[in-house]
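S.K.: Residue numbers (the numbering used here), protein chains in the order written: chain F, 1 to 433; chain S, 1001 to 1363.
Idealized CB from N, CA, C, for every residue including glycine.
Quick one: structure below, then a few questions.
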Amino acid sequence: MALTHPRLSTWQPPPEYQPVPSLLEGITVFAPQPVKPTDDQIISYKCPQCGATTRFDVAAGGVACEYCGYQVGIEAKQVGRRAQEFEFTLETLEDSAQGWGISRNELHCNSCGANLTLPEGALTISCPFCASNQVNVHPAPSDVLRPRFLVPFTVVIETVRLKAQEWLGKGWFHPPELSASAVVDRFHGIYLPYWTFDAYISADWKAQVGHERQERYYDSGDKTWKTRTVIDWRWEDGRIALDADDLLVPGSTRVSHILLERLLPFKLDELTPYNPDFLAGWEAQAYDIDLPSAWESGKSIMREQAKQSCYDDIHSSHVRNFSMKADFSNEVWRYILLPVYLASYRFEDKIFQVMVNGQTGTVAGQKPVAWWKIWLAIAALLTPGLLLGLVSLPFLLAGGIGALPLFLAFILLLIGGGISVALYKQTTASEAA
Amino acid sequence: MPISDLPTTSIVDSLEEIWGLPYQPAGCPQCKQVYLVEASRIGSICPNCVRGKLEPQPALLRLEPPERLIPFKISREELRAILKNYTAGVWIRPDDLNPEALLNRLMPVLWPGWLVDGLVVGYWSAEMGYDYQVKSSEEIYRTGQWQTKEMVETRIRWETRAGQIVRRYDNIGVPGMEEHQRLMEIVGGFHMDQIDPYQPNQIGQASLRVPDLPPESAWPAAKANLDRAAGEECTQAAGAQHVRNFNLRAEYDSVNWTQLLLPVYITYYADDQGQAHPIYINGQTGVIGGKRLASQRKGWIWAGASLAIAILLFVLGLLSFAATPALAPLGVLGVLLVLLGLGMGVFSIVAVIWPWHWNRGQL
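Below, the structure written as structure tokens:
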């Protein structure tokens, strides 16, 4: 590889440089050694003291053995929102579309030698024969597409159980016996895949904007001058800039996105470089929503935000023929893992899901609805308006003072109807997943 | 590379023949430039400053003949057309700035340049730029619908590289005149792919300018050009598309200097004050350049004449107005005369301002 010439005998390449192919004879090329990708090797966790299986202990904040008390801290410094971001290169987009774990669906346990079948997309597994915890069981399609950062679990399981039980008892429109009879106990912590997206959006908008104006006119019927409001429509345009930062988009189709939405926010200031130790003994899922698909979702959220910013830029509530053009630039992404506890409970032969944010303790889930309470509440909301209307009708027919009560009844009915619809939506959302 | 390794130059006083030509050295006492010319050219105008006259003078030059030459390619008819087109751009020009006079004074000259060959041996380091593509998008909202327009943008990823180089470079062009850069800006450079081996019979009657940048003075430029060639090849070797912060620690072996001759036609004209100004035509491409001064003196004359006519027309116009009560149509004539007078007045102002404004752009 090195060239031979008497004057080149003393030359040494810079430290940590390695030879790379040269396209011209007579010139050698050396490049810095590539940063070693995060270790893709399967790691088994065993206690060096007693040989038992070790796992990440949330309370201790490190890998611990529950049998002999051995503990070891994890060397990982929080990087927060400064965590490295990646551009949308054509190469990465193609790699991402290949998905995870296609090349490996069987695993030879390093600990006991058993052959295990891997669940699709799982990043970790516990051997059912020797109970050893193994991490990095699926290879990434490219180095940038392995999880580089995560938020570790900080809420211990006992707190999760308490919070979940407390959450079950909340809300008047649920069955009264729910908190007493349903038990949410079997929580399992899982690191779920998420994509974060940043973009700078510069948008130009154009619309016909209506400006209200008071106008005096002569009412020939009344033979009086009156005032009315008219709207003058004018074409207007403007420009807004929006800096979308760390928009979170779930990377898994296996969990309810409605419930995940309710778990937000995650504190991304606590993002930590990926270290397999954090995953020891915990489930972790690789993405099955690839980068281009997730970015489409992220982009549609961002463009709606940009549209709202354009509307906010218009100083009138009357807008028609609105159009806009949003230029995206500096688009970057990250692939991260976020901690979530999952559980389900049974109530009256139905299964309901519960999730708890493993970082903040926020609970979200499905809860059964005591529909008789809802219908009763709706009836109570609509009754005043209906009754007043019924009472005022005879007065109106008699040519008396019925018009005013009828108008009041109408207003009450409107208010009651509005609240009823909101209540109905809230309760159906409570059951939805 | 030590100076002692550079090719030697000799003082040539007078010779019967040099480089296969019956030429002798001559210099201009005004601009101090030295030429090799035919004996008949002694006493003629200096092709450099076009003011002094060539006198016999010793020259400091290499006795080896030039290696390469770019032949003259422009015919006399083409030169006439070029000069006609060039002078037509000046509206009020000195009498001397006319195509025929310029054509009659044309002097074919060969400017000197160096061709350097050498082996570059050393170590290099640089930041190499690799193109990569990213996907971006533009979202358009119209009639309640979103439309996505995807765009692919090319960006550069910079990475450090280092290595060794042992490469030979041939015929690297190096200036042979101190004014090389300025003169090349005027004549627009030469196509170095149309280069012939030197043959004395290709010189015709052209004067040969003696390099005023000998190899020892031109060496820094030669080194820079060799380094630039090495930099381009290192970029190529690294498979990169761009390079920056290129650093080369090299030694230069087997360096060989030969001369290259570049063809130009030089002509000149005298301005209002009788001062001569050169005009250059690239003998290979026909690109023409040089100062084209307008005649301020002619401008004043035109202005004076048109002002006198303007006053006369104005007075006649006023007289016509005065005679209107006697003969009504004279009023119309009066209006016309006054308008014509005003027009001539404006023309006289333009005739003064235009040469001044034009010359400001030329200086």
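Going by the CB atoms, is the gap between A284/F and R303/F shorter than 8 Å?
M.R.: In this structure, A284/F does not lie closer than 8 Å to R303/F by Cβ.
S.K.: Anything in chain F within Cβ reach of T1160/S, meaning under 9 Å, just list it in chain order.
M.R.: Correct list: P14, Y17, A31, P32.
S.K.: On the DSSP letters alone, give me the boundaries of the beta strand (DSSP E) that F347/F sits inside.
M.R.: Counting along the chain, the beta strand (DSSP E) containing F347/F begins and ends at 318 to 347.
S.K.: Can you find a C-beta in chain S that's less than 8 Å from the C-beta of W11/F?
M.R.: So yes, W11/F belongs to the interface.
S.K.: Let me know the secondary structure DSSP gives I1195/S once reduced to three states.
M.R.: Three-state DSSP puts I1195/S in coil, outside helix and strand.
S.K.: Check P15/F in the structure and name its three-state DSSP category.
M.R.: The answer is coil: DSSP assigns P15/F none of H, G, I, E or B.
S.K.: Around the C-beta of K163/F, are 16 or more other C-beta atoms found within 10 angstroms, so that it is buried, or is it exposed?
M.R.: With 16 or more other Cβ atoms within 10 Å, it is buried.
S.K.: Determine whether the beta carbon atoms of A1126/S and N1245/S lie at a separation below 8 Å.
M.R.: Against a cut-off of 8 Å, the Cβ pair of N1245/S and A1126/S comes out as a contact.
S.K.: Rounded to the nearest angstrom, how far is the Cβ of E1055/S from that of I1070/S, given a contact under 8 Å?
M.R.: Contact doesn't hold; Cβ gap of about 29 Å is too wide.
S.K.: Would you report the Cα separation of P1278/S and N1098/S, rounded to the nearest angstrom?
M.R.: Looking at the two C-alpha atoms, the distance is approximately 13 Å.
S.K.: Is the stretch 1078 to 1097 of chain S in contact with the stretch 1271 to 1288 of chain S, if contact means three or more CB pairs nearer than 8 Å?
M.R.: Cβ pair count under 8 Å is three or more, so yes.
S.K.: So, at 8 Å on beta carbons, what are the nonlocal neighbours of P1197/S in its own chain, with the 5 sequence-adjacent residues on each side left out?
M.R.: The residues are E1067, R1068, L1069.
S.K.: Contact check, R1209/S vs Y1035/S under 8 Å by CB: the rounded distance?
M.R.: So it is a contact: roughly 6 Å between Cβ atoms.
S.K.: What does S1254/S reach in chain F if we use C-beta pairs closer than 9 Å?
M.R.: The premise fails here: S1254/S is roughly 12 Å from chain F at the closest Cβ pair, so nothing lies under 9 Å.
S.K.: Do you know offhand how far S437/F's Cα is from D1253/S's?
M.R.: Lying before the first or after the last residue shown, residue 437/F is absent from chain F, which here runs from 1 to 433.
S.K.: For L271/F versus A83/F, is the C-beta spacing smaller than 8 Å?
M.R.: Contact flag set, yes.
S.K.: So E1233/S contacts chain F; which residues on that side make the cut at Cβ distance below 7 Å?
M.R.: Residues of chain F passing the Cβ test: L24, I27.
S.K.: State yes or no: is the beta carbon of Y1132/S nearer than 8 Å to at least one beta carbon in chain F?
M.R.: Closer than 8 Å to some Cβ of chain F, the Cβ of Y1132/S qualifies, so yes.
S.K.: Check whether the stretch 351 to 360 of chain F and the stretch 253 to 266 of chain F are in contact - that is, three or more C-beta pairs closer than 8 Å.
M.R.: As far as the Cβ criterion goes, the stretch 351 to 360 of chain F touches the stretch 253 to 266 of chain F, which means the pair count is three or higher.
S.K.: So what does DSSP say about R213/F, is it helix, strand or coil?
M.R.: DSSP places R213/F in strand when its eight states are reduced to three.
S.K.: Given the structure, does P1200/S come close to the ligand GDP, in the sense that its CB is under 7 Å from one of the ligand's heavy atoms?
M.R.: Looking for the ligand GDP in the displayed structure turns up nothing, as the structure carries no ligands at all.
S.K.: I'd like to know if C236/F contacts chain S, where contact means its C-beta is closer than 8 Å to some C-beta of that chain.
M.R.: Before going further, note that residue 236/F is Glu rather than Cys in the sequence given. False, the Cβ-Cβ gap to chain S never drops below 8 Å.
S.K.: If you measure beta-carbon to beta-carbon, which residues of the stretch 325 to 342 of chain F are closer than 8 Å to chain S?
M.R.: Residues passing the 8 Å Cβ filter: K325, A326, D327, F328, S329, E331.
S.K.: Taking the alpha-carbon of E75/F as reference, which of P276/F, P6/F, Q366/F, V209/F has the nearest alpha-carbon?
M.R.: The shortest C-alpha separation from E75/F is found at P276/F.
S.K.: Counting only beta-carbon separations shorter than 8 Å, does Q1362/S have a partner in chain F?
M.R.: It does not: the Cβ of Q1362/S has no partner Cβ on chain F nearer than 8 Å.
S.K.: A1059/S to A1230/S, Cα distance in whole Å?
M.R.: A1059/S and A1230/S: Cα-Cα distance of roughly 35 Å.
S.K.: Identify every residue that forms a DSSP beta bridge with E1138/S.
M.R.: Paired residue(s): D327/F, K1149/S.
S.K.: If we count the other Cβ atoms within 10 Å of its Cβ and call it buried at 16 or more, is D222/F buried or exposed?
M.R.: D222/F comes out exposed.
S.K.: Looking at C-alpha atoms only, which residue of D204/F, T196/F, W235/F is the closest neighbour of H211/F?
M.R.: Among D204/F, T196/F, W235/F, the Cα nearest to that of H211/F is on W235/F.
S.K.: Please confirm if R303/F has its CB atom under 8 Å from at least one CB of chain S.
M.R.: Chain S contact via Cβ: present.
S.K.: Tell me, please, which residues DSSP counts as bridged to L1248/S.
M.R.: Bridge partners of L1248/S: W1124/S.
S.K.: Determine which residues of the stretch 1136 to 1150 of chain S have a Cβ less than 7 Å from any Cβ of chain F, and write them out in chain order.
M.R.: So the list reads S1136, S1137, E1138, E1139, I1140, Y1141, R1142, W1146, given in the order they occur along the chain.
S.K.: Whose Cβ in chain C lies nearer than 8 Å to the Cβ of H257/F?
M.R.: Judged by its chain identifiers, the structure shown contains no chain C, and its protein chains are F and S.
S.K.: For V1152/S, go through chain F and note every residue whose CB falls closer than 9 Å to its CB, in chain order.
M.R.: Ordered by position in chain F, the residues that pass the 9 Å Cβ test against V1152/S are L90.
S.K.: Output the distance between the C-alpha atoms of D395/F and S420/F, rounded to the nearest integer angstrom.
M.R.: First, the residue type needs correcting, since residue 395/F is Phe and not Asp in the sequence shown. So the two alpha carbons sit approximately 28 Å from each other.
S.K.: Are any of the Cβ atoms in chain S nearer than 8 Å to that of H318/F?
M.R.: No, because no Cβ of chain S sits closer than 8 Å to the Cβ of H318/F.
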